[in-house]
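Scroll down for the structure; my scribbles are underneath it.
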Amino acid sequence: MKFLKRYFGPGRHTALSTLLVYSILSSATVAGNLDQGVTDAPVVSPKRFSSDVNAFYLGLSGGYATGGTDRFGLRTSTGSLFEIGEVDLSGGYGGIRGGWRGVLPAMGGRDYVYGFELGYDFGSLDDEVSTQIGGVDVTGGSEVSDVLSVRFRNGLSNKSGTVLYFLTVGYVQGDVTTTSSITSGTAVQSLEDEGSRPGFSASIGAEHRLNENWSITGEYEYVQFESETVEFDGGFSTKSTPRYRGLRFGLNYTF
Numbered sequence: 005m006k007f008l009k010r011y012f013g014p015g016r017h018t019a020l021s022t023l024l025v026y027s028i029l030s031s032a033t034v035a036g037n038l039d040q041g042v043t044d045a046p047v048v049s050p051k052r053f054s055s056d057v058n059a060f061y062l063g064l065s066g067g068y069a070t071g072g073t074d075r076f077g078l079r080t081s082t083g084s085l086f087e088i089g090e091v092d093l094s095g096g097y098g099g100i101r102g103g104w105r106g107v108l109p110a111m112g113g114r115d116y117v118y119g120f121e122l123g124y125d126f127g128s129l130d131d132e133v134s135t136q137i138g139g140v141d142v143t144g145g146s147e148v149s150d151v152l153s154v155r156f157r158n159g160l161s162n163k164s165g166t167v168l169y170f171l172t173v174g175y176v177q178g179d180v181t182t183t184s185s186i187t188s189g190t191a192v193q194s195l196e197d198e199g200s201r202p203g204f205s206a207s208i209g210a211e212h213r214l215n216e217n218w219s220i221t222g223e224y225e226y227v228q229f230e231s232e233t234v235e236f237d238g239g240f241s242t243k244s245t246p247r248y249r250g251l252r253f254g255l256n257y258t259f
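Under our numbering, the letters of the sequence shown match residues 5 to 259, in that order.
Here it is as structure tokens:
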């Protein structure tokens, strides 16, 4: 205190006390603000399907189909039926699609997602089979192209809401061309019938959200067209039931 009195004098005690208190409070304030300006980094993750309660989407898809065995038999005008063989439709195809979906809460923190989808597939699936009957070469073939579809899609998401496991059932309409040729020596008789035919489809698959707008899909599908008796010229006919199984992958953009 003698040291303080010497330099500040008795009248300076109050000023000194005030200075010390101010210094302590300033230090505490600075220490308390050390964390100011430090914020947690934002976490970027795909949206849940439930974030789009009513959403529209557009997409592209492509796949490869095979495994649709259809027996081809040729019936003559006299009623005789000749077995030609099995037609196995196969080939690649691509498509465009658009749809709408809604979401309802489900048990266990999952979402029930449902909606309708319109699609158009281009490309052709075909196959041809031939045999010899009594020295005559007989060929039968089938081709499917330009398939329009209306599908009902529904399923459950995982708990994080980023993957949807779905089932679809739908109505399809496609162009079906049925052909046959009969070759005896140098004489060839070609038969053909073309028309639009209805059918149905079913599939099972999954959709994974990449971010707020984009998602990828993969599904295994089965398509079958209505069975129909095809009448050729010359009194020949065959019963045609084209069908195929395909593995399809796609990319969707949700609005």
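All C-beta atoms, glycine included, are put in the ideal place defined by N, C-alpha and C.
- Here the segment 162-170 does not lie against the segment 191-198, with fewer than 3 beta-carbon pairs under 8 Å apart.
- Secondary structure note for residue 247: its beta strand (DSSP E) is the uninterrupted segment 247-258.
- Taking 4 residues as the shortest admissible run, the segment 180-254 contains no complete alpha helix (DSSP H) segment at all.
- DSSP, read as helix, strand or coil, puts residue 149 in strand.
- In its chain, beyond the 5 residues on either side, 67, 69 and 225 have a beta carbon closer than 6 Å to the beta carbon of residue 250.
- Boundaries of the beta strand (DSSP E) around residue 58: 58-79.
- When C-beta atoms of the segment 134-146 are compared with those of the segment 72-87, three or more pairs fall below 8 Å, so the two segments count as touching.
- In this structure, the beta-carbon distance from residue 218 to residue 255 falls below 9 Å.
- Residue 118 is positioned such that its CB atom lies closer than 9 Å to that of residue 156.
- For residue 144, the secondary structure class from DSSP, reduced to helix, strand or coil, is strand.
- 61 is the residue among 202, 203, 61 and 212 whose C-alpha sits nearest the C-alpha of residue 105.
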